[in-house]
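Engineer:
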Amino acid sequence: MKILLHISFLGTAYAGYQIQKDQNTVQKVLCDGAERVFGFPCDITGCSRTDSGVHAKHFCATVTEKGKNTLHTSIPTERIPLAFGSVLPSDVSVFDAEEVSEDFHPRYDVLEKEYEYRIYNRRTRDPFSADRSWHYPKRIDDEALSKMRRAAKQLVGRHDFAAYMASGSSVEDTVREVKAAEVTREGDFIVFRVSADGFLYNMVRIFTGTLIGVAEGKISPEEISSITESKDRSRAGVTAPAAGLYLNKVTYKK
């Protein structure tokens, strides 16, 4: 069997998820923690590769014995989160664990992922939101918010999203299906949530920057479809900062 870990983390102190030489990463912390929990080196395979500074409310990863496709442990599955809690730093948490089959893959078996981007929309900074949101001081009024919502709806559907992928990316298949995209106001925050069967590099951050372009009047809501069809990165908006981005939910095929 394999164990699927359900994880949350603040990405501020990490150079992203994936192990990198001489860098502190979430995967490294999880591998070190797993070895302490199970008593032998482990492989941790994640559902996604998050960038430096990006957070996760729900991230999934399998743990297996290093070089093998299984994990044998006497620790009851329901106690594994508590065991990790005693060895992980305070900004990374395993909040649930479950047994999965040996042929399960945490990345390729994903049915849908939901991301959330948080914009702190107030003139003055909030120290409690620093590194956890994009501080955007210019007021986004109800009219601008309505335009952002109309623009977000244009992103829904199966499209070639090359216009919203970081320049220089080597991905060849840039077609993805966006299942839902919405913009809401929650107090001082503007929150953009988007779910899809997969995402390109920086796709959500570029979506967000494009929506800010709409709020600023630089891009019209009706222009979104044209930008998508153009596959031209230069026509979309800026890449929003990493700090406001959260992997919000991961849904697997049953």
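Residue numbers (my numbering): 855 to 1108.
Cβ coordinates follow ideal geometry from the N, Cα and C atoms, glycine included.
All values derive from a computational prediction rather than experimental measurement.
(1) Do you know how far the Cα of S928 is from the Cα of R1004?
(2) State the start and end residues of the unbroken alpha helix (DSSP H) segment that holds S1079.
(3) With 16 as the cutoff for other CB atoms within 10 Å, does L936 come out buried or exposed?
(4) Hey, would you say the C-beta of A1050 is under 7 Å away from at least one heavy atom of the ligand PLP?
(5) Consult DSSP for Y1106 and reduce its assignment to one of helix, strand or coil.
(6) Beta-carbon within less than 7 Å of T924's beta-carbon, same chain only, minus the 5 sequence neighbours each way: which residues are those?
(7) Under 8 Å, with one C-beta from each stretch per pair, do the region 1015-1024 and the region 885-905 reach the 3-pair mark?
(8) Specify the secondary structure class of I861 as computed by DSSP and reduced to three states.
(9) For V948 versus I861, is the C-beta distance shorter than 8 Å?
(10) Using a Cβ-Cβ cutoff of less than 8 Å, which residues in the same chain neighbour L999 once the five nearest sequence positions on both sides are dropped?
(11) Check the C-beta distance from V946 over to V1025 and give it rounded, since I have them as a contact under 8 Å.
(12) Whole angstroms is fine: what's the gap from V1048's alpha carbon to V891's?
(13) Looking only at its chain, what residues have a beta carbon closer than 8 Å to the beta carbon of R1030, apart from the 5 residues adjacent to it on each side?
(14) Fully enclosed by the region 1021-1059, which beta strand (DSSP E) runs are 3 residues long or longer?
(15) Leaving out five residues on either side along the sequence, give the residues of the same chain with a beta carbon under 8 Å from the beta carbon of T931.
(16) For the candidate residues H909, S1079 and G870, whose alpha-carbon lies nearest to that of E968?
(17) Check whether the Cβ atoms of T916 and Y871 lie closer than 8 Å to each other.
Structural biologist: Checking against the coordinates, here is how it stands:
(1) Here residue 1004 is taken as the residue at index 150 of the sequence shown, counted from 1. Here residue 928 is taken as the residue at index 74 of the sequence shown, counted from 1. Going from the Cα of R1004 to the Cα of S928 covers about 53 Å.
(2) Along the sequence shown, read from residue 1 onward, the residue named residue 1079 stands at position 225. I1078 to S1084 is the span of the alpha helix (DSSP H), which, as asked, contains S1079.
(3) One-based indexing of the sequence shown puts residue 936 at position 82. So L936 ends up on the exposed side.
(4) Within the structure as shown, the ligand PLP is missing, as the structure has no ligands at all.
(5) Walking along the sequence shown from the start, residue 1106 turns up at place 252. Three-state DSSP puts Y1106 in a strand.
(6) Numbered from its first residue, the sequence shown carries residue 924 at position 70. Taken in chain order, the residues that qualify are M855, K856, T918 and E956.
(7) no
(8) As a first step, residue 861 must be located in the sequence shown, where it is residue number 7. Strand at I861.
(9) By 1-based counting over the sequence shown, the position of residue 948 is 94. By 1-based counting over the sequence shown, the position of residue 861 is 7. Yes, these two residues count as a Cβ contact at 8 Å.
(10) Here residue 999 is taken as the residue at index 145 of the sequence shown, counted from 1. The answer, listed in chain order, is V1037, R1039, I1044 and A1069.
(11) The sequence position of residue 946 within the sequence shown is 92, counting from 1. The sequence position of residue 1025 within the sequence shown is 171, counting from 1. Not really, about 28 Å apart at Cβ, beyond 8 Å.
(12) If you number the sequence shown from 1, residue 1048 lands on position 194. If you number the sequence shown from 1, residue 891 lands on position 37. When rounded, the distance between both Cα atoms is 35 Å.
(13) Here residue 1030 refers to the residue found at position 176 of the sequence shown. Within the same chain, R1030 has close Cβ partners R1012, H1013, F1015, A1050, D1051, G1052, F1053, L1054 and M1057.
(14) 1029-1040 and 1043-1050
(15) Your numbering for residue 931 matches position 77 in the sequence shown. Once the five neighbours on either side are set aside, the close Cβ partners of T931 are I857, A951, E952 and E953.
(16) For the purposes of this step, residue 968 is taken as the residue at position 114 of the sequence shown. The shortest Cα separation from E968 among H909, S1079 and G870 belongs to H909.
(17) Indexing the sequence shown from 1 puts residue 916 at position 62. Indexing the sequence shown from 1 puts residue 871 at position 17. No, the pair does not count as a contact, with Cβ atoms beyond the cut-off.
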